[in-house]
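Here the structure is laid out as structure tokens; the discussion comes afterwards.
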Amino acid sequence: MTDREFDPSGERERSLGAGLFEREMGPSSSMAHLYRGEVHRMTRWRERLDRTTNWAVTVMAAILTWSFSAPGRPHYLVLVGLVTLGVFLGIEAHRYRGFDVWRSRVRLIQQNVWSHGLDPREDVDDGAWRRKLSADYHRPTLKVPFEEAVAHRLRRVYLALFSVVTAAWFIRVTSFAQSGPWPESARIGAVPGVVVTAVVVAAYLASVAVAFRPRTWYSRSELRECQVDDWRE
Numbered sequence: 001m002t003d004r005e006f007d008p009s010g011e012r013e014r015s016l017g018a019g020l021f022e023r024e025m026g027p028s029s030s031m032a033h034l035y036r037g038e039v040h041r042m043t044r045w046r047e048r049l050d051r052t053t054n055w056a057v058t059v060m061a062a063i064l065t066w067s068f069s070a071p072g073r074p075h076y077l078v079l080v081g082l083v084t085l086g087v088f089l090g091i092e093a094h095r096y097r098g099f100d101v102w103r104s105r106v107r108l109i110q111q112n113v114w115s116h117g118l119d120p121r122e123d124v125d126d127g128a129w130r131r132k133l134s135a136d137y138h139r140p141t142l143k144v145p146f147e148e149a150v151a152h153r154l155r156r157v158y159l160a161l162f163s164v165v166t167a168a169w170f171i172r173v174t175s176f177a178q179s180g181p182w183p184e185s186a187r188i189g190a191v192p193g194v195v196v197t198a199v200v201v202a203a204y205l206a207s208v209a210v211a212f213r214p215r216t217w218y219s220r221s222e223l224r225e226c227q228v229d230d231w232r233e
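If you read the sequence shown in the UniProt record's numbering, its first letter stands for residue 1, the second for the next number, and so on.
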């Protein structure tokens, strides 16, 4: 950033967009290298999310295949698949919070640097975004609560997986039951089938509630359907 573009008083910055693609602000500038590095780290964390999802789908497919491969397979193996999906969901929610740290920085730069550079007629704001980015570099913080991260991953991937496994378990204890009619066929040891069914249904409804309950979203850069509708209009 040159003296021509920055007011030392801090009260106002001159048009950053007008000089963004000049030599001092071009692709070889420090800001461009900073942006490139943040995009790289964001991409790596995005890949970690994808790997967790791939493992969850693979394990779920293996458990369902083995459970339905013979009539005598115990139905609670499908419930083991549900518990395994819950573990993967927790891991992925944790990784999503880390991913959001880098994504929020990338979006901050895109909104306040590159968007103005592509349209030099716009003026840069009072520099609050720089102070925000500087503070985040001094002390990186997680922007998204864990419960919101769980809701994001449920909406994108895991609620569909939970629905498939829950439906498969219900089919397993009704159509393929070997120990009597449902709900007796859902028994696990000394635990009655009614109790097992109630726990499964309650767990599924809890996941739906977490995914869709009204909330204040702290992840500002998440693309949502309402934003797409606004853009189309």
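Think of the CB as a built atom: it goes at the ideal place given N, C-alpha and C, for glycine as much as any other residue. On a predicted model such as this, the values are computed, not experimentally measured, just so you know.
Report all residues from its chain with a CB closer than 6 angstroms to the CB of residue i; omit the five preceding and five following residues, and keep chain order.
i, result
"Ile188", "Tyr76, Val196"
"Val157", "Thr53"
"Ala186", "Val173, Gly193, Val196, Thr197"
"Val182", "The identity of residue 182 in the sequence shown is Trp, whereas the question assumes Val. Val173, Thr174, listed in sequence order."
Grab me the residues of residue i's own chain with a C-beta within less than 7 angstroms of its C-beta, minus the 5 sequence neighbours each way, in chain order.
i, result
"Arg48", "Arg95"
"Phe88", "Thr52, Trp55, Ala56"
"Arg153", "Leu89, Glu92, Ala93, Tyr96"
"Pro145", "Tyr218"
"Ser207", "Leu154, Leu159, Phe162"
"Val150", "Leu89, Ala93, Val210"
"Tyr204", "Phe162, Thr166"
Would you kindly work out how many angstroms separate the C-alpha atoms of residue i and residue j, rounded to a whole number?
i, j, result
"Pro71", "Met42", "46 angstroms"
"Asn112", "Phe68", "54 angstroms"
"Trp114", "Ala93", "30 angstroms"
"Val173", "Val80", "14 angstroms"
"Gly98", "Trp45", "7 angstroms"
"Trp102", "Leu142", "10 angstroms"
"His116", "Asp50", "32 angstroms"
"Arg73", "Val191", "18 angstroms"
"Asp136", "Met60", "38 angstroms"
"Ser29", "Arg121", "21 angstroms"
Only counting the same chain, and skipping five residues up and downstream in sequence, which positions put a Cβ closer than 8 angstroms to that of residue i?
i, result
"Ile109", "Met31, Leu34, Tyr35, Glu38, Leu133"
"Val78", "Ile63, Leu64, Ser67, Val165, Ala168, Trp169, Arg172"
"Ala128", "none"
Under a Cβ-count criterion, where at least 16 other Cβ atoms within 10 Å of its own Cβ denotes burial, should residue i be classed as buried or exposed?
i, result
"Glu147", "exposed"
"Thr58", "exposed"
"His40", "exposed"
"Glu215", "Position check: residue 215 holds Arg in this sequence, whereas Glu was assumed. Looking at its Cβ environment, which holds fewer than 16 other Cβ atoms inside 10 Å, Arg215 is exposed."
"Leu118", "exposed"
"Arg213", "exposed"
"residue 242", "Since the first and last residues shown for the chain are 1 and 233, residue 242 lies out of range."
"Ser175", "exposed"
"Leu85", "buried"
"Arg139", "exposed"
"Arg105", "buried"
Residue ranges of each alpha helix (DSSP H) run of no fewer than 4 residues wholly in the region 144–192, ordered along the chain?
For the region 144–192, the continuous alpha helix (DSSP H) assignments of 4+ residues that do not extend past its boundaries occur at 146–153, 159–174, in sequence order.
At 3 residues or longer, what runs of the beta strand (DSSP E) sit wholly inside the region 28–90?
Runs of the beta strand (DSSP E) lying entirely within the region 28–90 and spanning at least 3 residues: none are present.
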